[in-house]
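So for the sequence shown, this note's numbering puts the first residue at 442; every next one is plus one.
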Amino acid sequence: MKPAVGGEASTGSNEKKKKNKTKKIPRLEDYLNQRDYLGSLTLLEFQRNGGESVEHADLWIGYCAFHLGDHTRAMEEYKALTLRPECPEDVWVYLGCSLFFLGLYKEAEEAALKAHLMIMALTALFGSLKFNDEKKLMGFHQNLEDVTEDQLSLASIHYMRSHYQEAIDIYKRILLQNRDFLALNVYVALCYYKLDYYDVSQEVLAVYLQSVPDSTVALNLKACNHFRLYNGKAAETELKNLIDISSSSFQFAKELIQHNLVVFRGGEGALQVLPPLIDVISEARLNLVIYYLRQDDIQEAYKLIKDLEPTTPQSYFYNDDTFSFNYAQAKAALGNYREAEEVFLVIQSEKIKNDYVYLSWLARCYIMNQKARQAWELYLRLETSSDPFSLLQLIANDCYKMGQFYYAAKAFDALERLDQNPEYWEGKRGACVGIFQLILAGQESRETLKEVLPMLRSAGNPQVEYIIRIMKKWAKDNRVAL
442 MKPAVGGEAS
452 TGSNEKKKKN
462 KTKKIPRLED
472 YLNQRDYLGS
482 LTLLEFQRNG
492 GESVEHADLW
502 IGYCAFHLGD
512 HTRAMEEYKA
522 LTLRPECPED
532 VWVYLGCSLF
542 FLGLYKEAEE
552 AALKAHLMIM
562 ALTALFGSLK
572 FNDEKKLMGF
582 HQNLEDVTED
592 QLSLASIHYM
602 RSHYQEAIDI
612 YKRILLQNRD
622 FLALNVYVAL
632 CYYKLDYYDV
642 SQEVLAVYLQ
652 SVPDSTVALN
662 LKACNHFRLY
672 NGKAAETELK
682 NLIDISSSSF
692 QFAKELIQHN
702 LVVFRGGEGA
712 LQVLPPLIDV
722 ISEARLNLVI
732 YYLRQDDIQE
742 AYKLIKDLEP
752 TTPQSYFYND
762 DTFSFNYAQA
772 KAALGNYREA
782 EEVFLVIQSE
792 KIKNDYVYLS
802 WLARCYIMNQ
812 KARQAWELYL
822 RLETSSDPFS
832 LLQLIANDCY
842 KMGQFYYAAK
852 AFDALERLDQ
862 NPEYWEGKRG
872 ACVGIFQLIL
882 AGQESRETLK
892 EVLPMLRSAG
902 NPQVEYIIRI
912 MKKWAKDNRV
922 AL
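Here it is, written out as structure tokens:
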């Protein structure tokens, strides 16, 4: 900008020059310490293009590109380095990692074989796990030594094979010896997440987030814990915080975040996001299967799942309506009616709650749990269709069997009005006599007798008058007004 007073221009200019001279030049170490990989990469490229010599500049460029999620750029840098005669052996390891993240597993294994430093661990991870070569995996397992690098690799193998507790044991042992290995807390938290200990996972994760509050991996895991502990909305809020923190961090795991947003939103955008990720993120295939099942597109779900070899069972979702529906039916079929009722009532889906199978099982649970009135209310809420007749039959017979004669009588009475089947009269007659017995035993209110007599009279059966006469005589003797 031009100076406000012309005479002071030279003075101001001189002052500015002095400030510029004393202004601190950004250092690579500063950017790296702040985990600003985009800033680091920009500075390194500027220095390289300007002919400035920086020790291990190519290695640092590859490192920054890898951490930004630009694995293609990282691969190119490391490949160029392997062509040099003085190429450090570690570069083959870094090249293997870049190829692995690009999905080039065979090439990654070949690169790892050229490095002796971590040959056993990387070859086992790159080759054996992806190609299911159990024999090769066990061979490397036997050759691992009791050094930190090998033990970390062993923990990774345990994790990939779903042996989460074994991985936790190794990570905790290493943490006891190396308190400054803070990132191991993320691995421990991830293992606890896989074991469904979401609250424990959160506690362990918090240790790392205190030191590195903007970690993409840690914040994403925190969002997943929120999804399990609370709901999709709470999880999505955590992911939005992650995206807002740093655009470069978001680029690092943008596919993973897009995938998780679909899950958190109950499948919204599944057909756009999940298909390209099927062979990139292992959970993408299963989540797409779940989406198709929820849309009743069984054929598409089957196509995706038919060739999949299951390795571990899902831990069930207590808030998943489809699972709860099946689980409650299984409980009821085993006679655990109290638990079954609790699970049935957790279901929120209106589609399931209006299904006759749901209504009939819930009615049976109510009756078996001595809540016949609630079963009767289920029937009263049903719209006119063929289902109420079936539900009436269930209520009538189950209530009779369980000695809840009042609602058995009401159900048989309603059935008799709909169909003059002699069996319904016999059921109503037995239920009404059962009510009378309960009144005599002091287990039913005397006032109930007022409702029993009209139900009997409506039958028009010759046996009615004899039964009514006995009931009236008892009422008169016991001063019960009818």
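Every residue, glycine too, gets a C-beta built ideally from N, C-alpha and C.
- [ ] Look up Cys632 in the DSSP assignment and say whether it is helix, strand or coil.
- [x] helix
TODO: Just mark Glu709 as buried or exposed, buried being the case when its beta carbon has 16 or more other beta carbons within 10 Å.
DONE: exposed
Open item on the list: Residues in the same chain with beta-carbon distance under 8 Å from Leu485, minus the five sequence neighbours each way, listed in chain order, please.
Closed with: Leu469, Val495, Ala498, Trp501, Ile502, Cys505
Open item on the list: Can you tell me whether Ile684 is helix, strand or coil according to DSSP?
Closed with: helix
- [ ] Run the CB neighbour count on Lys851, radius 10 Å, all protein chains shown included, and call it buried at 16 or more, exposed below.
- [x] buried
Open item on the list: Can you tell me whether Asn777 is helix, strand or coil according to DSSP?
Closed with: coil
- [ ] Please state if the CB of Tyr478 and the CB of His508 are separated by a distance shorter than 8 Å.
- [x] yes
TODO: Out of Lys891, Gln904, Ser594, Gln592, point me to the one whose CA is closest to Leu913's CA.
DONE: As written in the sequence, residue 913 is Lys, which differs from the Leu given in the question. Per the Cα distances, Lys891.
Open item on the list: Let me confirm a value: Met561 is counted as buried when at least 16 other C-beta atoms fall within 10 Å, else exposed. Which label applies?
Closed with: Residue placement at Met561 cannot be trusted, given a pLDDT of 49 that sits under 50; the coordinates are not used to answer.
Open item on the list: Once the 5 residues before and after Met896 are set aside, which same chain residues still bring their CB inside 7 Å of it?
Closed with: Ala850, Asp854, Lys869, Cys873
Task: At least 3 beta-carbon pairs within less than 8 Å: the region 837–846 vs the region 805–820 - done: yes
Task: When Ala711, Asn490, Lys663 are compared against Glu679, the one with the closest alpha-carbon - done: Lys663
Open item on the list: I need the straight-line Cα distance from Tyr797 to Arg910, nearest angstrom please.
Closed with: 41 Å
- [ ] Spell out a yes or no on whether the region 598–614 and the region 630–637 are touching, meaning 3 or more CB-CB pairs, one atom from each, closer than 8 Å.
- [x] yes
Open item on the list: Quick check on this structure: which residue in Asp761, Arg726, Thr753 has the alpha carbon closest to the alpha carbon of Lys747?
Closed with: Arg726
Open item on the list: I'd like to know whether the C-beta atoms of Asn728 and Tyr778 end up nearer to each other than 8 Å.
Closed with: no
- [ ] Reducing DSSP to helix, strand and coil, say where Leu923 ends up.
- [x] coil
TODO: Could you spell out the range, first to last residue, of the alpha helix (DSSP H) harbouring Phe830?
DONE: 828–842
Task: Reduced DSSP secondary structure (H/G/I, E/B, other) of His497 - done: coil
- [ ] Indicate the three-state DSSP secondary structure (helix, strand or coil) for Phe622 in the structure shown.
- [x] coil
Task: Arg514, enclosing alpha helix (DSSP H) - first and last residue - done: 512–523
Open item on the list: Assuming contact is defined by CB atoms lying nearer than 8 Å, are Val714 and Gln699 in contact in what I supplied?
Closed with: yes
TODO: Please check the pair Ala771 and Trp802, which I expect to be a contact at CB under 8 Å, by giving their CB distance rounded to whole angstroms.
DONE: Contact flag wrong, Cβ pair sits at about 10 Å.
Task: With 16 other Cβ atoms within 10 Å as the buried cut-off, status of Arg822 - done: exposed
- [ ] Using beta-carbon positions only, say whether His667 and Ala676 come within less than 8 Å of one another.
- [x] yes
Open item on the list: On the criterion of 16 or more Cβ atoms from any shown chain inside 10 Å, does Ile739 qualify as buried, or is it exposed?
Closed with: exposed
Open item on the list: Spatial neighbours of Arg669 within its chain, please: C-beta separation below 6 Å, excluding the five flanking residues on both sides.
Closed with: Tyr639
- [ ] On a CA-only basis, which of Cys632, Asn619, Gln592 is nearest Tyr600? Give me that one, please.
- [x] Cys632
Open item on the list: According to DSSP, simplified to helix, strand and coil, what is Ser642?
Closed with: helix
Open item on the list: If you reduce the DSSP assignment to three classes, tell me which class Leu473 lands in.
Closed with: helix
- [ ] Using the Cα positions of Gln904 and Asn862, report the straight-line distance between them to the nearest angstrom.
- [x] 16 Å
Open item on the list: I'd like to know whether the C-beta atoms of Phe766 and Ile731 end up nearer to each other than 8 Å.
Closed with: no
Open item on the list: I need the straight-line Cα distance from Ala694 to Asn701, nearest angstrom please.
Closed with: 11 Å
TODO: Check each candidate in Ala521, Cys665, Leu712, Pro829 and name the one with the smallest Cα separation from Asn795.
DONE: Pro829
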